[in-house]
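One structure below.
Listed below in C-alpha cells is the structure:
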C-alpha cells in the first residue's frame, strides 16, 4: 500500500468551480513518472510506503498479496487544488486525515462494518464523499438531500447495480431483481413479485394465512420450553407465509431450520469483503472461494425449488386444480414466453430459462425477504427488552385493542400507533439493509458535481438514520418521536428509507409493513419476556451488528418467554 504525494499540482483554485476537467486514472505501478489530469508530474521518489500500516493479518494477506492498492492523498497545501482538478466532488469530501487513512486503504478492515466507517467519514468530510474501493471508484451519500438526489431525481442514470461476485453462480445474477439493471426483464420480475406476493389483491387474499402463521408462531414459542432464539422463530413464521404465497404449502420443519442457517450464511458471505468485488480483474480466480461457497448454497436451495416446480408441473399435466399462487403465475409464463423476447435465454431454451427464473425469484424471497423481516423482528425485541418502559407501554396498547383474543388481527393494526412507532424507531436504528447501492450507467451530476459513468453509488441508510443533524439524540431508542410526525419508511421520507426508495425500493415492502408489526405484536402480547441471567448481570444485550446483505445481530438474541 502506497501513499502518492503529487508535486507542482496545477488546477482550478476557486472552491465554487464545480466543473473542471474529468478525473484522471491512477498512475501505473512501476512507471518512473506519472502525470495528473492537469499535467503536473508525480516523481517516482514521491511514492513512499505507509509507516503506520498494521501487520498483515490472515484476513488481509490474500488481498494485499495479489494487487497493490494506490490511493492519491495530496498534501495539505494542495488538497483543494488537486481534488478540484479531478472534477468530481468538493475538495473537503474525499480527503482523509491519517486517523482515517488506514481504515480507507485497508479495505478488509473498512468492510467489517462499512456503514459505521463511512458514516464517520461523512461526519468529517461531508454528506457526499468519494472513495476508491480497490480499483472501484465509489461515491457515498449520507444525508436525506443527497439520498433523494441519488435515489429519486437522478435515479434514471443510477439505478443499475454493480452485482456482487458471489451472485454470479448458476445464472442467478442474470435472473435476479437485485442484480439486474432496469429493463424489460427487471420490470417483469418486479411486476411478478408484486402480483404474486405483495400486491394489494394478493395481500388481501393472504390476510387469513398471515394470522394463522402468527398463531403458529405463538404456539412454537410456547412449546420451546427454553430460551427462545427470536430470529429463528421469526424466520420460520416468515417462511411459512411466503411458502403459502409461493407454492401453497409449508416446508418441513427440519428443512426450515436448515434454510435459516443457509440464509444467515448467504447474507454474511454476500456482505463479506471479497477481492473479486474490489478488484474485478481478479474475479476469475475467486481467490477467497466466495463464489464457490455461494454456489453450494444456491445449489442446495435450487434443488428444493426444483422439486416444487416438478411436482406442480406433474399436477398441472394431470389436470390438477390451479392454485393461483406465484408458482402457477410463473409457470403460466411458459405459454407466453415465445412471444416475449426478454423471456428467452441465449440458447432459446425457454423451459430451462423459466426454471432458472423461478429458482432465482424463490431464492430472493425465501432467503433475503425472510432474513430481512426476521432481523427486523429480532432487533425490535432486543430494543424492547432493553427499554422496559417502552415494552410496558406497548403491551398496554395492544391489550386495550385486542383484549384476550387468541390472535392479533391484521385489520386492527391501524389502531396501534405506538406499535408502529416502535417498528419505525427500530428500523431507524437498525435498517435491515444498511446501504442502497447503484451504478452510474452514464455520466450524471449529483448536487452539482460530476459523477463519471461506471461509478458505484452507496446511499448510507444507516448513516442517515444515525445523523444528529437529522434526528435528535439519534443513538437513543425513542419511539415517541414518531408519534409527533408522519414520517414513515415507505420511501417518501428520505430521513427514513429503511427499505430504500425510488425505482429500487423493496418490492416486498407492503408485505413487510404488515408482517413485522404482526410478529412483534404477537410476541409482546402473548408472552412476558425477560433477559437471560448473563445479560442481566452484564451490560445487557450485545447489540453488535453482523454486517451482510442483511444486517442482523452478531450474537443472536435469546430470551426467556413466559406465556401469559
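In the UniProt record's numbering, the protein residues as written are 1 to 564. Using N, Cα and C, we set each Cβ at its ideal position, and we do this for glycine too. Given the structure is predicted, the values throughout are model-derived calculations rather than measurements.
Close Cβ partners of residue i (< 6 Å) along its chain, the five nearest in sequence each way excluded
i	result
residue 221	228, 233, 561
residue 502	151, 152, 155
residue 363	301
residue 392	none
residue 193	507
residue 112	none
Through-space distance from residue j to residue i, alpha-carbon basis
i	j	result
residue 226	residue 136	48 Å
residue 206	residue 312	20 Å
residue 492	residue 405	35 Å
residue 132	residue 318	57 Å
residue 524	residue 394	8 Å
residue 292	residue 286	8 Å
residue 513	residue 526	21 Å
residue 385	residue 253	28 Å
residue 519	residue 214	7 Å
residue 128	residue 496	18 Å
residue 369	residue 148	24 Å
residue 450	residue 130	11 Å
residue 190	residue 230	30 Å
residue 328	residue 321	10 Å
residue 522	residue 243	20 Å
residue 466	residue 428	8 Å
residue 413	residue 515	10 Å
residue 166	residue 186	20 Å
residue 123	residue 236	39 Å
residue 183	residue 218	42 Å
residue 326	residue 315	15 Å
residue 164	residue 179	8 Å
Residue i classed as buried or exposed, judged by whether at least 16 other C-beta atoms fall within 10 angstroms
i	result
residue 279	buried
residue 468	exposed
residue 310	exposed
residue 548	buried
residue 267	buried
residue 284	exposed
residue 479	buried
residue 240	buried
residue 365	buried
residue 378	buried
residue 473	exposed
residue 270	buried
residue 483	exposed
residue 421	buried
residue 475	exposed
residue 255	exposed
residue 445	exposed
residue 208	exposed
Whole-angstrom C-beta distance between residue j and residue i, which should lie under 8 Å
i	j	result
residue 211	residue 409	7 Å
residue 554	residue 531	With a Cβ gap of about 17 Å, residue 554 and residue 531 do not count as contacting.
residue 407	residue 438	Not really, about 41 Å apart at Cβ, beyond 8 Å.
residue 142	residue 118	7 Å
residue 461	residue 436	6 Å
residue 510	residue 115	26 Å between Cβ atoms; not a contact.
residue 282	residue 275	6 Å
residue 494	residue 144	4 Å
residue 295	residue 245	With 8 Å as the limit, residue 295 and residue 245 do not qualify as a contact, their Cβ atoms being about 27 Å apart.
Own chain partners of residue i with C-beta closer than 7 Å, once the 5 adjacent residues on each side are dropped
i	result
residue 528	562, 564
residue 432	372, 375, 376, 498, 550, 551
residue 442	157, 453
residue 447	128, 146, 149
Residue i CB to nearest heavy atom of the ligand ATP below 7 Å
i	result
residue 142	For the structure depicted, the ligand ATP is absent and the ligand set is empty, with no information on it obtainable.
Residues near residue i by beta carbon distance below 8 Å, same chain, minus five either side
i	result
residue 262	297, 300, 301, 367
Inside the region 505-561 only - beta strand (DSSP E) runs reaching at least 3 residues: 527-530
Contained beta strand (DSSP E) runs [length at least 3] in the region 421-487, N- to C-terminal order: 435-439, 444-446, 449-451, 456-460
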